[in-house]
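**Student:** Sharing a structure below in structure tokens format, with a few things to ask.
Here it is as structure tokens:
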């Protein structure tokens, strides 16, 4: 009886399957400190218990993206061990903050499958849920990946492509219970800009850059218990490079975006995202943002800002695609998300 | 009066001496988080407070090997500062888990000495005990090292070689108080294999590999307050390389062994171990295991599995020694340990 | 409206201005564990809750230098983003320890300005205060930096140079409330030397060295939320190197000084300091100390030792300046501080 996990192949997924992912994880102040060591994270709500209490939360939560990475990491052995590519995200929502002492687990439902015309692989759509120790929903999102077939003779399943929203409607965003910005301290937060100060279409160059190192992205990726070989093993890719986990780029870019978006405190929605080009050690990650939309939430004083967050390894800010409509080679990430901000 | 520690030389050890090692250490969630960042550790009992409670423990302990490294680190200034080689381990037992808030200290008793025939060095045997803030024994083990003489004219001591067990008897293994696997959740643990599914002689290739970096092994080795120069200082060895702490290889291999041994949750015995060849930055560590024995413990449902854990920097799995009987050059570690597993 | 922080230029500072720095920070066991992973820190008072309780404190505090770095980091966006050089420190005092759960914030008062004769830059003196969640003073210090002018036509301000003490008087040092060394455990602390064993003028070579890596200094500098570009971005300096945060060198040297000064437990005063030469990745940091003074404090049994701590990247110990009176090129740091030690 083989003991190691060979991962699932395309033919192993059927719409309606629910995969209970292994290895629940309890977080502490240790994960919070490491997040601050790995990324230049400075959003005050996640840095200071006092600031968080001033905003109606019991203490500073773990960064929203750390919660995302932890949940994502759990799915890797069941979803993407044999994946050829991580194709997209949609309908990601954060439902409640994660605090020190919380234990996260994850499960994914297969919501779509489509075999590729070459017969060698297919696309699998899953909706992943992160749950805490009370079985409360912490976050959920849809992800689709291209997965190899293990048995090329396995019959093609009936194609099911889920109907996914391009953008989460503002009224579907969840404001964490208790969160309010009535006595928000803009000085302590680091910038004076409120939602009213941002215009739709406005672009912000976040200026700073971080040159990334192998040791750092591996520490991060292990911290999320993400086991995909390509992030750790120089013998796993033909060119001997280690592919940096896309979530590392997301967190780096989001942290860099503090400079210009310090008050976009809480990530509540992930509308979509593309890892446009691979990131490897030695690249200097920069970021720019574009305001895509603004909206009210059900909580007075708490607004929602929809942002495009682009990470690059160089080039001019605000350049995204070439004349051919494809991402420029220096674009690493194109992310579309909702955050909460004082109105 | 010289203020710095010159370390002890061979002639400074006498059988019966008890060395009280310095710098007690309190651990927190920080050490636990760092362990997960440094190694691809996924054993559920050490990852999730909820899982640990399901197994009868109050919360997830610090990884057993982290406790070992912390105790080991304390011994370095007194035992191995002038060591030429770390020769072996025996009779290692874990007596109780370490939890956040516990403070560890260590002491070692000299239990054997044997001067080498060259008159320039000798072998020192110590039994090291790790104790917590209640003076409870946390773990103990025997280690022997070759130590240089400081004064070549010092007389050779009477040779004392301790009588050490090759293998800890199963009845001498300590099951942590309260531990039970009656409602063990194999799905959350990550694999379905119970002790009955493993056969003596079975070999498991753990498949995954991690290419190691200087920054990571130094972070780890400092975390355990291990001060041996060769791990940190490129000027300390003729070739300018830093020798990776052998315990870093042990933890890396043990974490990799999750894939195939996810239910070998708790390390309770260290029968022996050899650091077969030095590990340096840039190597890709892989691991394979061999089931050496299986046994019952005093707790129904909790079985013991005796495993050989081999870490390599390449080569074929399951290759250990050449025709000359020596370890193959790519073998880094050959460890013999007992772990607890659902029967 | 520009959204990113351009930093302040010389003409933006006026004596009497108080800058409230952004992003308060709550610390936990995570920051403490990371400090031990980043530096070979072994002072027992900061390593063990039990040892700290034996010295009258409620638990082991965060390392004093970690508190300093956290406060320093907060000042960077307001004080040194456009700095040409960090010129000096004075009158640094630690007023109370920082414990897990404490939240630190910082503010700086401009206490001096002097435009340079070239009209392109000037020196700004600030007194920075670190405060906890109870608005208690945690530490304060004076720092002066050379800052570029943004508008070369801005008029030169009236020169104000603060009157700073070269050395903090022993009677002005603050012994943390409750601290006593009456039942001090020299064995657990690691060395037998008490204040009486040190002579003024005595020099100590701390022997050990650590070769520094990019990943490590960036982890540390981010942990302190220090955002200065030169530490992270290989494109920010003409030679493509990353300049290691001076505080990283301070902490490394202080940790190395354990070997010979294990009982200089608590840093209570910073008399001055110079980052003599830049530190970059690959250098092997060593340290030596010189006893500059000894004094009583108001607490019987608790003495103060004034130390010069020199970090180097090579060369002979105790060599500091060349015949020209300038620091030797291998000298990285020349720090003058007070620490508390059993008499």
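Chains as they are written, first to last, in our numbering: chain A, 873 to 1215; chain B, 873 to 1215; chain C, 873 to 1215.
Glycine included, C-beta positions come from ideal geometry on N, C-alpha and C.
1. Is the beta carbon of residue 1159 (chain A) closer than 9 Å to that of residue 1183 (chain A)?
2. Can you pull the chain C neighbours of residue 912 (chain A), defined as C-beta to C-beta under 7 Å?
3. Classify residue 1216 (chain C) as buried or exposed, calling it buried when 16 or more other Cβ atoms lie within 10 Å of its own Cβ.
4. Quick check: the segment 1046-1059 of chain C against the segment 1117-1132 of chain C, are there 3 or more CB pairs under 8 Å?
5. Out of C:907, C:901, C:1177, C:877, which has the shortest C-alpha to C-alpha gap to residue 1094 (chain C)?
6. Are the beta-carbon atoms of residue 1206 (chain C) and residue 1181 (chain C) separated by less than 9 Å?
7. Start and end of the alpha helix (DSSP H) containing residue 1002 (chain B)?
8. Against chain A, with Cβ distances strictly below 9 Å, would residue 1015 (chain B) count as a contact?
9. Among the candidates C:1118, C:1005, C:979, C:1142, whose CA atom is the shortest distance from the CA of residue 1062 (chain A)?
10. Residue 945 (chain C) lies in the alpha helix (DSSP H); which residues open and close that run?
11. In chain C, which residues lie with their C-beta within 9 Å of the C-beta of residue 1131 (chain A)?
12. Looking at the strands, I want to know which residues DSSP matches up with residue 1206 (chain C).
13. Using the beta-carbon count (16 or more within 10 Å), is residue 910 (chain B) buried or exposed?
14. Opposite residue 1075 (chain A) in the DSSP bridges: which residues?
15. What first and last residue would you give for the alpha helix (DSSP H) that runs through residue 1090 (chain C)?
16. Quick check on residue 892 (chain B): buried or exposed, where buried means 16 or more other Cβ atoms within 10 Å of its Cβ?
17. Could you work out which residues of chain C lie near residue 1078 (chain A), taking near to mean beta carbons separated by less than 8 Å?
18. If the cut is a Cβ gap below 9 Å, which residues of chain A does residue 1120 (chain B) touch?
19. Can you pull the chain A neighbours of residue 1005 (chain C), defined as C-beta to C-beta under 8 Å?
20. Tell me the residue span of the beta strand (DSSP E) that contains residue 1013 (chain C).
21. Leaving out five residues on either side along the sequence, give the residues of the same chain with a beta carbon under 7 Å from the beta carbon of residue 935 (chain C).
22. Going by beta carbon distance, what residues of the same chain come within less than 6 Å of residue 981 (chain B), once the five residues before and after it are set aside?
23. Among C:1052, C:1051, C:1099, C:1046, which residue has its Cα nearest to the Cα of residue 1140 (chain C)?
24. Please report the residue range of the alpha helix (DSSP H) in which residue 1121 (chain B) lies.
25. Which residues of the segment 1079-1091 of chain A have a Cβ closer than 7 Å to any Cβ of chain C? Give them in chain order.
26. Any idea what DSSP makes of residue 1168 (chain B), helix, strand or coil?
27. Whose C-beta lies closer than 8 Å to the C-beta of residue 1199 (chain B) among residues of the same chain, with five residues either side of it excluded?
28. Taking only beta carbons into account, state which residues of the segment 880-909 of chain B come closer than 8 Å to chain C, listed in chain order.
29. I need the DSSP call for residue 891 (chain C), collapsed to helix, strand or coil.
30. By the three-class DSSP mapping on this structure, what secondary structure does residue 977 (chain B) have?
31. Are at least three pairs of beta-carbons, each pair with one atom in the segment 1162-1171 of chain C and one in the segment 1085-1094 of chain C, less than 8 Å apart?
32. Residue 1107 (chain A) touches chain B at which residues, Cβ-Cβ below 7 Å?
33. Where do the N-terminal and C-terminal ends of the beta strand (DSSP E) with residue 965 (chain B) fall, by residue?
34. Can you list, in chain order, the residues of its chain with a C-beta nearer than 7 Å to that of residue 1052 (chain A)? Leave out the 5 residues immediately preceding and following it.
35. Are there 16 or more other CB atoms within 10 angstroms of the CB of residue 1023 (chain C), so buried, or fewer, so exposed?
36. Could you tell me whether any Cβ in chain C is nearer than 9 Å to the Cβ of residue 1000 (chain B)?
**Tutor:** Taking the coordinates as given:
1. Numbered from its first residue, the first chain carries residue 1183 (chain A) at position 311. Numbered from its first residue, the first chain carries residue 1159 (chain A) at position 287. A contact, by the Cβ cut-off of 9 Å.
2. To locate residue 912 (chain A), count along the first chain from 1; it is residue 40. 1094, 1099, listed in chain order.
3. Given that chain C is displayed from residue 873 to residue 1215, the structure contains no residue 1216 (chain C) and the question cannot be resolved.
4. no
5. For this step, residue 1094 (chain C) is matched to residue 222 along the third chain. When only C-alpha atoms are compared, the closest one is C:907.
6. Numbered from its first residue, the third chain carries residue 1206 (chain C) at position 334. Numbered from its first residue, the third chain carries residue 1181 (chain C) at position 309. Cβ distance < 9 Å, so residue 1206 (chain C) and residue 1181 (chain C) count as in contact.
7. Within the second chain, residue 1002 (chain B) is the residue found at index 130, counting from 1. Careful: residue 1002 (chain B) lies outside any alpha helix (DSSP H), inside the beta strand (DSSP E) at 993-1003.
8. On the second chain, position 143 is the one that residue 1015 (chain B) refers to. No, because no Cβ of chain A sits closer than 9 Å to the Cβ of residue 1015 (chain B).
9. Taking the first residue of the first chain as 1, we reach residue 1062 (chain A) at position 190. Of the candidates C:1118, C:1005, C:979, C:1142, the residue whose Cα lies closest to the Cα of residue 1062 (chain A) is C:979.
10. Against the third chain, residue 945 (chain C) aligns to sequence position 73. Where residue 945 (chain C) is concerned, the enclosing alpha helix (DSSP H) stretches over 936-951.
11. Locating residue 1131 (chain A) in the first chain gives position 259, counting from the first residue. Going along chain C in sequence order, the residues near residue 1131 (chain A) (Cβ under 9 Å) are 875, 876, 877, 949, 1099.
12. Start at 1 with the first residue of the third chain, and residue 1206 (chain C) comes out as number 334. DSSP output for residue 1206 (chain C) lists C:1146, C:1182 as bridge partner(s).
13. For the purposes of this step, residue 910 (chain B) is taken as the residue at position 38 of the second chain. Label assigned to residue 910 (chain B): buried.
14. Translated into positions along the first chain, residue 1075 (chain A) becomes position 203. Residue pairing of residue 1075 (chain A) in beta bridges, as defined by DSSP: A:1162.
15. As a first step, residue 1090 (chain C) is located in the third chain; it is residue number 218 there, counting from the start. Run containing residue 1090 (chain C): 1086-1095, per the alpha helix (DSSP H) assignment.
16. Numbered from 1 along the second chain, position 20 holds the residue referred to as residue 892 (chain B). With fewer than 16 other Cβ atoms within 10 Å, it is exposed.
17. Residue numbering aside, residue 1078 (chain A) sits at position 206 when the first chain is read from its first letter. Chain C residues near residue 1078 (chain A): 876.
18. The residue given as residue 1120 (chain B) occupies position 248 in the second chain. Within chain A, no residue comes near residue 1120 (chain B); the closest Cβ sits about 13 Å away, beyond 9 Å.
19. Taking the first residue of the third chain as 1, we reach residue 1005 (chain C) at position 133. The contacting residues are 921, 922.
20. On the third chain, position 141 is the one that residue 1013 (chain C) refers to. Unbroken beta strand (DSSP E) run through residue 1013 (chain C): 1009-1020.
21. Against the third chain, residue 935 (chain C) aligns to sequence position 63. Closer than 7 Å at the Cβ level, and outside the excluded window around residue 935 (chain C), lie 907, 913, 918.
22. Counting from 1 along the second chain, the entry for residue 981 (chain B) is found at position 109. Cβ within range, chain order: 890, 999.
23. The count along the third chain starts at 1 and reaches residue 1140 (chain C) at position 268. Checked all of C:1052, C:1051, C:1099, C:1046; the closest Cα to residue 1140 (chain C) is C:1046.
24. Mapped onto the second chain, residue 1121 (chain B) falls at position 249. Unbroken alpha helix (DSSP H) run through residue 1121 (chain B): 1118-1128.
25. 1079, 1080, 1081, 1082, 1083, 1085, 1087, 1088
26. Translated into the one-based positions of the second chain, residue 1168 (chain B) becomes position 296. Residue 1168 (chain B) falls in the strand class under three-state DSSP.
27. Taking the first residue of the second chain as position 1, residue 1199 (chain B) is located at position 327. The residues are 1146, 1148, 1149, 1192, 1193, 1206.
28. 892, 894, 895, 896, 897, 898, 899, 900, 901, 902, 903, 905, 906
29. Residue 891 (chain C) sits at position 19 when you count from the first residue of the third chain. Residue state, collapsed to three classes: strand.
30. If you number the second chain from 1, residue 977 (chain B) lands on position 105. Reduced to three states, the DSSP call for residue 977 (chain B) is strand.
31. no
32. Looking up residue 1107 (chain A) in the first chain gives position 235. Within 7 Å Cβ-Cβ: 1081, 1156.
33. The count along the second chain starts at 1 and reaches residue 965 (chain B) at position 93. Run containing residue 965 (chain B): 955-966, per the beta strand (DSSP E) assignment.
34. Translated into the one-based positions of the first chain, residue 1052 (chain A) becomes position 180. These residues qualify, in order along the chain: 927, 928, 1171, 1173, 1174.
35. In the third chain, the residue the question calls residue 1023 (chain C) occupies position 151. With fewer than 16 other Cβ atoms within 10 Å, it is exposed.
36. Residue mapping note: residue 1000 (chain B) aligns to position 128 of the second chain, counting from 1. Judged by the 9 Å Cβ criterion, residue 1000 (chain B) is not in contact with chain C.
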